[in-house]
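Colleague: For reference, the structure I am asking about is given below.
Protein chains: 2
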Amino acid sequence: MFTVHGKSDSGNCYKVRLALEQLGVPYRWVEVDSTKGETQSAAFLAKNPNGKVPTLELEDGGFLPESNAILHYLAEGTPLLPKDRLGRARALQWMFFEQYSHEPYIAVARFILYYLPPDSPRRAELPRLQERGYKALAVMEQHLAREPFFAAGAYSIADIALFAYTHCAADGGFDLARTPAIVDWIARVRGQPRFVPLPA
Amino acid sequence: MFTVHGKSDSGNCYKVRLALEQLGVPYRWVEVDSTKGETQSAAFLAKNPNGKVPTLELEDGGFLPESNAILHYLAEGTPLLPKDRLGRARALQWMFFEQYSHEPYIAVARFILYYLPPDSPRRAELPRLQERGYKALAVMEQHLAREPFFAAGAYSIADIALFAYTHCAADGGFDLARTPAIVDWIARVRGQPRFVPLPA
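Structure, rendered in C-alpha cells:
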C-alpha cells in the first residue's frame, strides 16, 4: 500500500489525496508539518533530500517526491492521463505551467495570508504575487472560455494539479469573480466522481 | 517539420535544440528575443498565451509551450524516456525539481549577471538566489554521488532538462568546483552521441 507523507491543508499534498481517492487506490497518510520544520529533519531528508511534501512512499519502500510527478505516476494507464501522445504532452504543459507560473504566486500569497501573522514583513511581497497570480489566472481563463478541461477535452491530472491552489485562491486575496470560466470549471471539477475537498 | 520558436542562448530553449539534435529529428528554428519584448507581441501571444519561449510549432500548426513538456513529447517512444513507469516518474520528478527548485534561482542569477547592466538593482536578489541555487546543486550532487544519471540509470530528458542551466551555472556566479559529482556528470552529458553545445 502507498503511504503519503504530506501536510493535509497543503494544495500540493491535496493533489495526491484527490487523485488516490478518485482512482480508488488505498493509501495511508502520515502527517508532516512543514511549518514546524518537520520536512528538514534528518529522518525526512532521508526520504526526500529536497525536504518537501508531498513525498509518496512506494510499496517497495522507495520514495517519489514532486506532487505532479506523483500524479503522473498514479495516473498512467487510467482515465486521468490522456491516451494520446499530444494529450499527455498537453497535460504536462499545464502541470509545468502550474509549478512555474501559478503556484509560486497563488500558493505563496495564500501561505503569507493564511499561515503567517498579520504583521509579517512578507506581506510586502503581495503586490507582485497578485500581479503574477492574476496573469496566470488570465491564461487559464482564456483556455477555459473555449475548453471544458485543460488537456484533451476531458478531466485529467492537469485539472487536479491546477484545481489544488486555484479553488482556494481567495485565501491568497484573489477575486475569482473576475474569471467566470474558472468558476464554472471549479464547479465541473467538484462534480467529478469520488471528488473529495481540501481538508480544512 | 517542427518549428521551434526560441531564443538561442536561453537554457530552456537549448533543451529543445539538444533533444531534437540527439533524436535526429529535423526542425526549423525561429529566433524570438524575449529580452526585446518579442514574446509579448499579439502575434506571439496567439501562439503561447503565457508569452514564453520555447514554444514548439507542431506539424499540424498547433503550438506546444513549456520546455519540459516539449521534451517529454519529443522523447516518448525513444531511448530518452525510461521504459518503465517508475523510471518515467523519476524523470518527471527531476524535471519538476528543475522548474521549481533549480531554474528560478540558477537561471535567474545568470539572467541578472549575463543580460542586465552591472548597476541593475536586481543584483540585490543575488544572495537569496545563490543560497537557493546552491541548495538545488547540493540535492543534485547527493544523487550524482551514487548514480551516473538522473533517472533509471541512463541518460534521459531529465539530464537534458538539468544540464541546460547547470553546465553554465558559472554565468550566474556559482562555483561548480564545490560539486565534483556534478562536474563529472556534465562531462558524461557532453560525451553523449550527437551532443551540441549551448549557442554562444
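Respectively, the protein sequence lines represent chains A and B. Counting from 1 along the first sequence, just add 13 to a position and that's the residue number in this note's numbering. Counting from 1 along the second sequence, just add 13 to a position and that's the residue number in this note's numbering. Ideal placement from N, C-alpha and C gives every residue a C-beta, glycine not left out.
With DSSP collapsed to three states, give me the class of D15 (chain A).
Modeller: Note that residue 15 (chain A) is Phe in the sequence shown, not Asp. Of the three classes helix, strand and coil, the one that applies to F15 (chain A) here is strand, per DSSP.
Colleague: Can you confirm whether F10 (chain A), when its beta carbon is compared against all beta carbons of chain B, has any partner nearer than 9 Å?
Modeller: In this structure chain A extends from 14 to 213, so residue 10 (chain A) is not present and cannot be described.
Colleague: Count the C-beta pairs between the region 81-98 of chain B and the region 137-152 of chain B that are closer than 8 Å, then say yes if the count reaches three, no if not.
Modeller: no
Colleague: Note the first and the last residue of the continuous beta strand (DSSP E) segment covering R41 (chain A).
Modeller: Per DSSP, R41 (chain A) belongs to the beta strand (DSSP E) from 40-44.
Colleague: Measuring CA to CA, which of A:V152, A:V38, A:P206, A:T91 is closest to L71 (chain A)?
Modeller: With distances taken between Cα atoms, L71 (chain A) lies closest to A:V38.
Colleague: Output needed in chain order: residues of the region 71-84 of chain B with a Cβ under 7 Å from some Cβ in chain A.
Modeller: Cβ contacts with chain A: L77, P78, E79, N81, A82.
Colleague: Measuring straight from C-alpha to C-alpha, what distance separates R207 (chain A) and M14 (chain B)?
Modeller: 42 Å
Colleague: Start and end of the alpha helix (DSSP H) containing L31 (chain A)?
Modeller: Its alpha helix (DSSP H) spans residues 24-36.
Colleague: Taking the straight line between their C-alpha atoms, what separation do you get for L189 (chain B) and R203 (chain B)?
Modeller: 16 Å
Colleague: Would you check if there are 3 or more beta carbon pairs closer than 8 Å linking the region 17-28 of chain A to the region 62-70 of chain A?
Modeller: yes
Colleague: If contact means a Cβ-Cβ distance below 8 Å, which residues of the region 93-104 of chain B contact chain E?
Modeller: In the displayed structure, chain E is absent; the protein chains listed are A and B.
Colleague: From the beta carbon of H156 (chain B), is the nearest beta carbon of chain A less than 9 Å away?
Modeller: yes
Colleague: Looking at the secondary structure, which residues open and close the beta strand (DSSP E) in which E116 (chain B) lies?
Modeller: For E116 (chain B), there is no enclosing beta strand (DSSP E); the enclosing alpha helix (DSSP H) covers residues 116-128.
Colleague: Between the Cα of A88 (chain A) and those of B:G90, B:Y86, B:R98, spot the shortest distance and give me the residue it belongs to.
Modeller: Closest by alpha carbon: B:R98.
Colleague: Should Q112 (chain B) and Q112 (chain A) be called a contact, given that it needs their Cβ atoms to be closer than 9 Å?
Modeller: yes
Colleague: Could you tell me which of A:P131, A:E138, A:K60, A:L94 sits nearest to A120 (chain A), measuring between CA atoms?
Modeller: A:E138
Colleague: Note down, in chain order, every chain B residue with its Cβ under 7 Å from the Cβ of V152 (chain A).
Modeller: P62, N63
Colleague: Could you check which residue in B:W198, B:R141, B:F109, B:A32 has the C-alpha nearest to that of T91 (chain B)?
Modeller: B:A32
Colleague: Let me know the secondary structure DSSP gives E79 (chain B) once reduced to three states.
Modeller: Looking at E79 (chain B) - three-state DSSP - the assignment turns out to be coil, as it is neither helix nor strand.
Colleague: Just mark P212 (chain A) as buried or exposed, buried being the case when its beta carbon has 16 or more other beta carbons within 10 Å.
Modeller: exposed
Colleague: Anyone know if the C-beta pair for A165 (chain A) and K60 (chain A) falls short of 9 Å?
Modeller: With contacts defined as CB atoms closer than 9 Å, A165 (chain A) and K60 (chain A) fail to qualify as a contacting pair.
Colleague: Note down, in chain order, each residue of its chain lying with its Cβ closer than 7 Å to the Cβ of D184 (chain A), except the 5 sequence neighbours on either side.
Modeller: Apart from sequence neighbours up to five positions away, the residues of its chain that approach D184 (chain A) with a beta-carbon distance below 7 Å are R123, L126, Y127, ordered along the chain.
Colleague: Please classify E144 (chain B): does DSSP put it in a helix, a strand, or coil?
Modeller: helix
Colleague: Put L157 (chain A) into one of helix, strand or coil per three-state DSSP.
Modeller: helix
Colleague: If you draw a straight line from the C-alpha of L157 (chain A) to the C-alpha of V196 (chain A), how long is it?
Modeller: 10 Å
Colleague: Of the choices A:Y168, A:L94, A:N63, whose alpha-carbon is the least far from that of R201 (chain A)?
Modeller: Shortest Cα-Cα distance from R201 (chain A) to any of A:Y168, A:L94, A:N63 involves A:Y168.
Colleague: Between Q35 (chain B) and the rest of its own chain, which residues show a CB-CB distance below 6 Å, the 5 nearest in sequence each way excluded?
Modeller: R207
Colleague: On the premise that V209 (chain B) lies in contact with R30 (chain B), defined as a C-beta separation below 8 Å, what is that separation, rounded to the nearest angstrom?
Modeller: The C-beta distance from R30 (chain B) to V209 (chain B) rounds to 7 Å, short enough to fall under 8 Å.
Colleague: In whole angstroms, give me the CA-to-CA distance for Q205 (chain B) and Y40 (chain B).
Modeller: 20 Å
Colleague: Would you kindly check if the distance between the Cβ of F163 (chain A) and the Cβ of A104 (chain A) is under 9 Å?
Modeller: yes
Colleague: Give the DSSP-derived three-state secondary structure of A149 (chain A) in the structure shown.
Modeller: helix
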